[in-house]
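Trainee: First to last, the protein sequences are chains P and U. Position 315 of the first sequence, counting from 1, maps to 315 under my numbering, and the rest follow consecutively. Position 235 of the second sequence, counting from 1, maps to 570 under my numbering, and the rest follow consecutively. Quick reminder that beta carbons are idealized off the backbone N, C-alpha and C, glycines included. On a predicted model such as this, the values are computed, not experimentally measured, just so you know.
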Amino acid sequence: MLNMNLLKKLRPSSRESSLFIILIVAVGGTGLINPRFLTGDGTRDLLTSTSVVALLAIGIAPIVVMRHIDLSIASTVGLSAWTVADFCAKNPSFTWVQCFVIGSIIGLAVGIVNGLLVAGLRLPSLVVTLGTLYIVRGLVYVVSNSVDYNAQEMPESLLALGQKVYFGLLPFTFLMVIIAMILMALFMKYTKSGRDAYAIGSNPPAADLVGLKVFRRTFLAFVFSGVMAGIAGVFYLMRFAQVDSTAFYGQELAVVAAVVIGGVTIMGGSGTVVGAVIGALLVQTIQGGLAALGVDAFWKAAINGLLLIIAIYADRVLAVRNEKQLLAQRIRERI
Amino acid sequence: MVAKGDLLLEMNGVQKRFGGAVALRGTDLKIRAGEIHALLGENGAGKSTMLKILSGVHINDGGTIKLGGKDFITGSPQASIDQGVAVIYQEPSLFLDLSLAENVFIGRQPKKGVAIDWKFAQSEAARLFKELGVELDPKRQARGLSIADQQVVEIAKALSMNANIILMDEPTAALSASEVERLMTVMKSLKAANKAVIFVSHRLDEVFAISDFITVMRDGATVSENPVGKTDLQKVIKEMVGRELTELFPKTENKIGAVVLEVKDLTNPAYFRNVSFNVKKGEIVALAGLVGSGRSEVARAIFGVDKYESGSVSLNGKALPAGSPVEAMNRKIALVPEDRRQQGLFMVAGVNRNISMESFDRLTDRGLINFKRERSLTNTWKEKLSIKFANQADPVDRLSGGNQQKTVLAKWLATDPDLLIVDEPTRGIDVATKAEVHRLVNQAASEGKAVLMISSELPEVLGMADRIIVMREGRQVAELSRKEATQEKIIAAATTGKRSA
Chain P
1 MLNMNLLKKL RPSSRESSLF IILIVAVGGT GLINPRFLTG DGTRDLLTST SVVALLAIGI
61 APIVVMRHID LSIASTVGLS AWTVADFCAK NPSFTWVQCF VIGSIIGLAV GIVNGLLVAG
121 LRLPSLVVTL GTLYIVRGLV YVVSNSVDYN AQEMPESLLA LGQKVYFGLL PFTFLMVIIA
181 MILMALFMKY TKSGRDAYAI GSNPPAADLV GLKVFRRTFL AFVFSGVMAG IAGVFYLMRF
241 AQVDSTAFYG QELAVVAAVV IGGVTIMGGS GTVVGAVIGA LLVQTIQGGL AALGVDAFWK
301 AAINGLLLII AIYADRVLAV RNEKQLLAQR IRERI
Chain U
336 MVAKGDLLLE MNGVQKRFGG AVALRGTDLK IRAGEIHALL GENGAGKSTM LKILSGVHIN
396 DGGTIKLGGK DFITGSPQAS IDQGVAVIYQ EPSLFLDLSL AENVFIGRQP KKGVAIDWKF
456 AQSEAARLFK ELGVELDPKR QARGLSIADQ QVVEIAKALS MNANIILMDE PTAALSASEV
516 ERLMTVMKSL KAANKAVIFV SHRLDEVFAI SDFITVMRDG ATVSENPVGK TDLQKVIKEM
576 VGRELTELFP KTENKIGAVV LEVKDLTNPA YFRNVSFNVK KGEIVALAGL VGSGRSEVAR
636 AIFGVDKYES GSVSLNGKAL PAGSPVEAMN RKIALVPEDR RQQGLFMVAG VNRNISMESF
696 DRLTDRGLIN FKRERSLTNT WKEKLSIKFA NQADPVDRLS GGNQQKTVLA KWLATDPDLL
756 IVDEPTRGID VATKAEVHRL VNQAASEGKA VLMISSELPE VLGMADRIIV MREGRQVAEL
816 SRKEATQEKI IAAATTGKRS A
């Protein structure tokens with residue numbers, strides 16, 4: 001009996017810890033095949049390549065918790081990256097500061113549009129953000145006019161920041177991811193706005209009935225996701241030091257996949273930003289592991305898909321087991 | 336502080352229109368502190384609309400609402416909460432992913448600095464649960480709570496908001512007898528704390544057992560308001576229905592033939608145990624009992640929607656395999672489910688598509704649907720059941736509840752079943768249509784079909800059934816013939832499990 005209670009107590013938070021264990025196993029396994037993976041360089045590469053997706057995952061996790069989705073993020077990354085590079089090319093005096101300001105403003109603008117359409121007009125977010133996905137990418141094509149930018153047009157201070165590494169393994173961009181993750185995790189757990197997000201996703205009609213500020217929360221969630229996508233655009237420049245109109249094309253679902261693998265339920269109401277970041281890391285690690293195993297890069301997409309289905313299946317198994325236990329408990333109470 | 340008997344809320348001539356449909360045409364209601372007030376009326380009488388005006392979901396078009404002498408502000412759930420009015424809906428609106436403490440304090444979480452004070456929320460929720468006499472764990476997730484416990488959480492929420500007026504929409508509809516008992520205790524403790532409790536219920540025995548005042552509504556208007564001592568069951572029923580009950584239930588005597596359905600020792604420990612009965616050709620057998628007594632689950636098990644652990648079901652002398660609705664349909668069983676919107680119909684599909692749904696085999700030419708035959712099938716049943724709709728392709732969600740119910744019946748009657756199972760066939764439909772549904776079910780029996788009817792309405796059970804099987808908490812507690820059955824005997828068996836004299 002005591003054991004059962006202990007298990008029950010552990011379960012709600014165990015999702016992140018069990019994911020973390022899987023991540024460690026994946027990292028260790030990859031390390032066995034390719035020892036370089038476990039060195040400072042290897043870790044740094046992993047974290048650098050995960051930064052963009054992880055930051056986007058932090059951005060959309062609250063939206064998914066609220067039973068919405070934002071598909072426009074990858075296009076926003078593209079618009080932000082190209083526009084920031086364009087400004088820098090035309091204003092050689094710009095430093096990384098201006099880059100982040102411009103990127104954030106672009107993300108803010110897209111977020112406001114999404115937020116007004118979804119929260120204000122109560123249109124389905126899937127369709128709205130599918131629309132803005134195309135509109136924003138279309139804008140990138142139009143404004144870029146096939147112009148690409150390379151490292152020489154970008155501020156040195158920005159590229160230097162992109163190269164910066166703490167303790168030999170923690171790149172600047174991932175440090176930012178960790179800070180954002182911690183702040184958001186606290187926000188989601190300990191503030192009214194954060195808890196309202198869970199309530200809204202758990203039971204939308206009831207959220208209206210108990211008088212939650214559904215419009216404001218939903219709107220701000222989309223604005224937040226937009227800003228994160230804008231900043232992720234700058235991260236993209238820092239990592240690749242070049243940009244064209246197809247930058248980050250079609251990567252939105254990879255972010256959604258990372259979030260879902262990280263335990264944020266697509267039906268809303270549960271999941272954490274910590275889980276979302278671990279999900280992003282896990283996807284990246286497994287990709288690295290497969291590369292180390294010599295698996296052809298063409299398999300990347302297929303493996304990602306498989307991982308996603310395994311994750312959702314694991315959730316289902318847990319849910320069914322949970323339901324069975326509750327039913328058994330009720331039978332016991334009746335007898 | 337309010338004293339017992341103080342007038343808290345007064346509604347006068349309240350009106351509400353939805354497009355062309357009038358939902359309330361002049362409703363009066365007086366609510367006093369420290370009283371339990373029952374609100375009665377047929378479905379469609381306007382009770383739910385009235386609750387929704389008080390909860391801030393709807394705004395009234397006419398009439399006045401005074402709360403403690405001041406005008407009541409309608410139109411926002413938050414405003415109603417601020418004015419001390421809490422509504423507990425029939426379907427509790429909890430957030431299943433959140434903890435109980437969180438559910439109690441949702442939207443008003445106690446804070447310490449910028450962060451939520453979880454410790455305080457939990458201890459406060461625990462205190463409220465204790466006050467209500469139901470000790471639930473405030474840290475537990477709401478998912479998996481029984482409806483009764485969910486209501487307790489809702490009531491705790493209302494108390495934590497310092498609500499003076501607590502409205503409950505059919506709070507006992509989904510409760511077992513012992514849970515009803517517990518809820519009544521809670522209601523009495525609210526009354527003792529000088530709160531006003533208003534509840535809607537269709538179970539008149541409960542209403543008379545617990546309420547101080549009874550307000551009856553019909554067709555969107557208040558018909559009467561009486562202290563419980565100044566009225567009685569017969570009077571209330573007459574006021575609700577607006578006519579004598581004898582017009583309903585046109586029972587005909589049918590020739591009863593061979594056994595069609597034989598159920599032996601059917602057991603699914605979660606819902607029912609050792610259920611055994613049979614239904615014969617031309618016979619109507621009613622499964623009576625309170626909601627939650629396992630009746631619908633028995634029907635679902637017979638039809639194969641749910642599995643059962645032990646026991647057997649046979650049809651026309653041949654065993655029916657468990658867990659296969661397809662096989663059940665092949666063997667000519669039809670199940671008209673309890674919830675027509677969720678389980679019985681495809682709400683956005685046309686009337687024709689819904690009626691022909693289970694009869695496709697007879698409508699197809701080499702695998703393609705012959706729409707001419709579908710049209711004539713729809714017309715046949717439209718006339719037989721006098722279903723009212725403008726166009727065959729009209730989506731069923733545009734039909735009234737009564738016509739929807741007739742559409743489900745048509746769908747299944749069109750399959751010409753040997754065994755017709757109807758679960759709450761007249762829930763939520765008006766009196767005139769009710770009588771028609773009764774006529775149709777009777778007609779099916781007189782055509783030689785075996786009918787198994789689940790109903791929570793005693794007059795319906797008494798008026799329609801040849802035999803009555805009473806269930807209580809998953810067990811079969813009595814079997815009564817048409818002759819020996821009375822309202823009292825059924826209630827006694829359903830609530831105590833004992834047969835009274």
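With a Cβ-Cβ cutoff of 7 Å, do Ile63 of chain P and Ser270 of chain P count as a contact?
Mentor: For the purposes of this step, residue 63 of chain P is taken as the residue at position 63 of the first sequence. For the purposes of this step, residue 270 of chain P is taken as the residue at position 270 of the first sequence. Contact flag unset, no.
Trainee: Using 10 angstroms around the beta-carbon of Pro506 of chain U, count the other beta-carbons present and answer buried if the total reaches 16, otherwise exposed.
Mentor: Within the second sequence, the letter at position 171 stands for residue 506 of chain U. Buried.
Trainee: Take Gly340 of chain U and list the residues in its own chain whose beta-carbon comes closer than 6 Å to its own, dropping the five residues that flank it on each side.
Mentor: In the second sequence, residue 340 of chain U corresponds to position 5, counting from 1. Here the set comprises Arg367.
Trainee: Can you say whether Thr30 of chain P is buried or exposed, counting buried as having 16 or more other CB atoms within 10 angstroms of its CB?
Mentor: In the first sequence, counting from the first residue as 1, residue 30 of chain P sits at position 30. It counts as buried.
Trainee: Give the range of the beta strand (DSSP E) segment to which Phe353 of chain U is assigned.
Mentor: Taking the second sequence and counting its residues from 1, one reaches residue 353 of chain U at position 18. Note, Phe353 of chain U: beta strand (DSSP E), 342-353.
Trainee: Taking Ala199 of chain P as the query, report the chain U residues whose CB atoms sit under 9 Å from its CB, ordered along the chain.
Mentor: Counting from one through the first sequence, the residue named residue 199 of chain P turns up at place 199. The contacting residues are Phe430, Asp432, Leu433, Glu437, Asn438, Ile441, Gly442.
Trainee: At a Cβ cut of 8 Å, what residues of the stretch 464-484 of chain U count as close to chain P, listed as they run along the chain?
Mentor: Those would be Gln476, Arg478, Gly479, Ser481, in chain order.
Trainee: Buried or exposed, going by whether 16 or more other CB atoms sit within 10 Å of the CB of Arg216 of chain P?
Mentor: Position 216 of the first sequence holds residue 216 of chain P. Exposed, because fewer than 16 other Cβ atoms sit within 10 Å of the Cβ of Arg216 of chain P.
Trainee: Taking Cβ positions only, does Tyr134 of chain P come closer than 7 Å to chain U?
Mentor: Reading the first sequence from its first residue, position 134 is the one you call residue 134 of chain P. Chain U contact via Cβ: absent.
Trainee: By the DSSP assignment, the alpha helix (DSSP H) with Thr713 of chain U in it spans what residues?
Mentor: Residue numbering aside, residue 713 of chain U sits at position 378 when the second sequence is read from its first letter. Unbroken alpha helix (DSSP H) run through Thr713 of chain U: 706-719.
Trainee: Terminal residues of the continuous beta strand (DSSP E) containing Lys615 of chain U?
Mentor: Indexing the second sequence from 1 puts residue 615 of chain U at position 280. Residues 607-615.
Trainee: Can you tell me whether Gly577 of chain U is buried or exposed? The criterion is at least 16 other CB atoms within 10 Å of its CB, across all chains shown.
Mentor: As a working note, residue 577 of chain U is residue 242 in the second sequence. By the 10 Å Cβ count, Gly577 of chain U comes out exposed.
Trainee: Would you call the CB atoms of Tyr236 of chain P and Ala81 of chain P closer than 7 Å?
Mentor: Translated into positions along the first sequence, residue 236 of chain P becomes position 236. Translated into positions along the first sequence, residue 81 of chain P becomes position 81. Cβ distance < 7 Å, so Tyr236 of chain P and Ala81 of chain P count as in contact.
Trainee: By how many angstroms is the C-alpha of Pro760 of chain U removed from the C-alpha of Pro794 of chain U?
Mentor: Within the second sequence, the letter at position 459 stands for residue 794 of chain U. Within the second sequence, the letter at position 425 stands for residue 760 of chain U. Taking the straight line from one Cα to the other gives about 13 Å.
Trainee: What residue range does the beta strand (DSSP E) around Asn561 of chain U cover?
Mentor: Locating residue 561 of chain U in the second sequence gives position 226, counting from the first residue. Looking at the DSSP string, the run of the beta strand (DSSP E) that includes Asn561 of chain U is 556-562.
Trainee: How about Ile200 of chain P and Val210 of chain P: are their beta carbons less than 7 Å apart?
Mentor: As a position in the first sequence, residue 200 of chain P is number 200, starting the count at 1. As a position in the first sequence, residue 210 of chain P is number 210, starting the count at 1. Not in contact: Ile200 of chain P and Val210 of chain P (Cβ atoms no closer than 7 Å).
Trainee: Can you list, in chain order, the residues of its chain whose CB lies under 7 Å from that of Phe724 of chain U, leaving out five sequence neighbours each side?
Mentor: On the second sequence, position 389 is the one that residue 724 of chain U refers to. So the qualifying residues of the chain are Val686, Leu734, Asn738.
Trainee: Quick one: is Val498 of chain U near chain P, going by C-beta distance under 7 Å?
Mentor: Taking the second sequence and counting its residues from 1, one reaches residue 498 of chain U at position 163. Before going on, a small fix: residue 498 of chain U reads as Ala here, not Val. No - not a single Cβ of chain P is within 7 Å of the one on Ala498 of chain U.
Trainee: Determine whether the Cβ of Ile451 of chain U lies closer than 7 Å to any Cβ atom of chain P.
Mentor: By 1-based counting over the second sequence, the position of residue 451 of chain U is 116. Answer yes: the Cβ-Cβ gap between Ile451 of chain U and chain P drops below 7 Å somewhere.
Trainee: Can you tell me whether Pro171 of chain P is helix, strand or coil according to DSSP?
Mentor: Taking the first residue of the first sequence as position 1, residue 171 of chain P is located at position 171. Strand, per DSSP.
Trainee: At a Cβ cut of 9 Å, what residues of the stretch 267-286 of chain P count as close to chain U, listed as they run along the chain?
Mentor: Listed in sequence order: Gly268, Gly269, Ser270.
Trainee: Between Lys339 of chain U and chain P, is any beta-carbon pair separated by less than 7 Å?
Mentor: For the purposes of this step, residue 339 of chain U is taken as the residue at position 4 of the second sequence. Not an interface residue.
Trainee: Considering only residues of the same chain and omitting the five flanking positions on each side of Ser49 of chain P, which have a CB-CB separation below 7 Å?
Mentor: The residue given as residue 49 of chain P occupies position 49 in the first sequence. Gln284.
Trainee: Please work out which residues of its chain come closer than 7 Å, Cβ to Cβ, to Arg608 of chain U, disregarding the five sequence neighbours upstream and downstream, and give them in chain order.
Mentor: Taking the first residue of the second sequence as position 1, residue 608 of chain U is located at position 273. So the list reads Thr602, Gly809, Arg810, once near-sequence residues are dropped.
Trainee: At a CB-CB cut-off below 7 Å, which residues of chain U make contact with Tyr190 of chain P?
Mentor: As a working note, residue 190 of chain P is residue 190 in the first sequence. Going along chain U in sequence order, the residues near Tyr190 of chain P (Cβ under 7 Å) are Ala450, Ile451.
Trainee: What residues from chain P crowd round Ser866 of chain U, counting only those whose CB sits closer than 8 Å?
Mentor: Residue 866 of chain U lies beyond the residue range present for chain U, which begins at 336 and ends at 836; the question has no answer from this structure.
Trainee: Using a Cβ-Cβ cut-off of less than 7 Å, list which residues of the stretch 538-554 of chain U approach chain P; keep chain order.
Mentor: Taking 7 Å as the Cβ-Cβ cut-off against chain P, none of the residues of the stretch 538-554 of chain U qualify.
Trainee: Please state the DSSP three-state secondary structure of Lys90 of chain P.
Mentor: Walking along the first sequence from the start, residue 90 of chain P turns up at place 90. In the structure shown, Lys90 of chain P sits in a helix (DSSP, three-state: H, G or I).
Trainee: Using 8 Å as the cut-off, can you tell me whether the stretch 167-177 of chain P makes contact with the stretch 37-52 of chain P, which would need three or more C-beta pairs spanning the two stretches below that distance?
Mentor: Touching, yes.
Trainee: Which bits of chain C does Leu326 of chain P rub up against, with CB to CB less than 7 Å?
Mentor: Here the protein chains are P and U, and chain C is not one of them.
Trainee: Arg217 of chain P versus chain U: which residues are under 7 Å apart at the beta carbon?
Mentor: Taking the first sequence and counting its residues from 1, one reaches residue 217 of chain P at position 217. The premise fails here: Arg217 of chain P is roughly 11 Å from chain U at the closest Cβ pair, so nothing lies under 7 Å.
Trainee: For Gln152 of chain P and Leu186 of chain P, what's the separation of their Cα atoms in angstroms?
Mentor: The residue you call residue 152 of chain P lines up with position 152 of the first sequence. The residue you call residue 186 of chain P lines up with position 186 of the first sequence. So the alpha carbons of these two residues sit roughly 40 Å apart.
Trainee: Whole angstroms is fine: what's the gap from Thr409 of chain U's alpha carbon to Asp417 of chain U's?
Mentor: Counting from one through the second sequence, the residue named residue 409 of chain U turns up at place 74. Counting from one through the second sequence, the residue named residue 417 of chain U turns up at place 82. If you take the alpha carbons of Thr409 of chain U and Asp417 of chain U, they lie about 11 Å apart.
Trainee: Which term fits Thr821 of chain U, buried or exposed, when burial requires 16 or more other beta carbons within 10 angstroms of its beta carbon?
Mentor: Here residue 821 of chain U corresponds to residue number 486 of the second sequence, with the count starting at 1. Exposed, since its Cβ has fewer than 16 Cβ neighbours within 10 Å.
Trainee: Given that a residue counts as buried once 16 or more other Cβ atoms are within 10 Å of its Cβ, and exposed if not, what is Phe695 of chain U?
Mentor: Against the second sequence, residue 695 of chain U aligns to sequence position 360. Flag for Phe695 of chain U reads exposed.
Trainee: Can you name, in chain order, every residue of its own chain whose Cβ lies under 7 Å from the Cβ of Asn3 of chain P, other than the five neighbours on each side?
Mentor: The sequence position of residue 3 of chain P within the first sequence is 3, counting from 1. Note that Asn3 of chain P scores a pLDDT of 48, beneath 50, so its modelled location is shaky; the value from the coordinates is reported in the next line. So the list is empty, once near-sequence residues are dropped.
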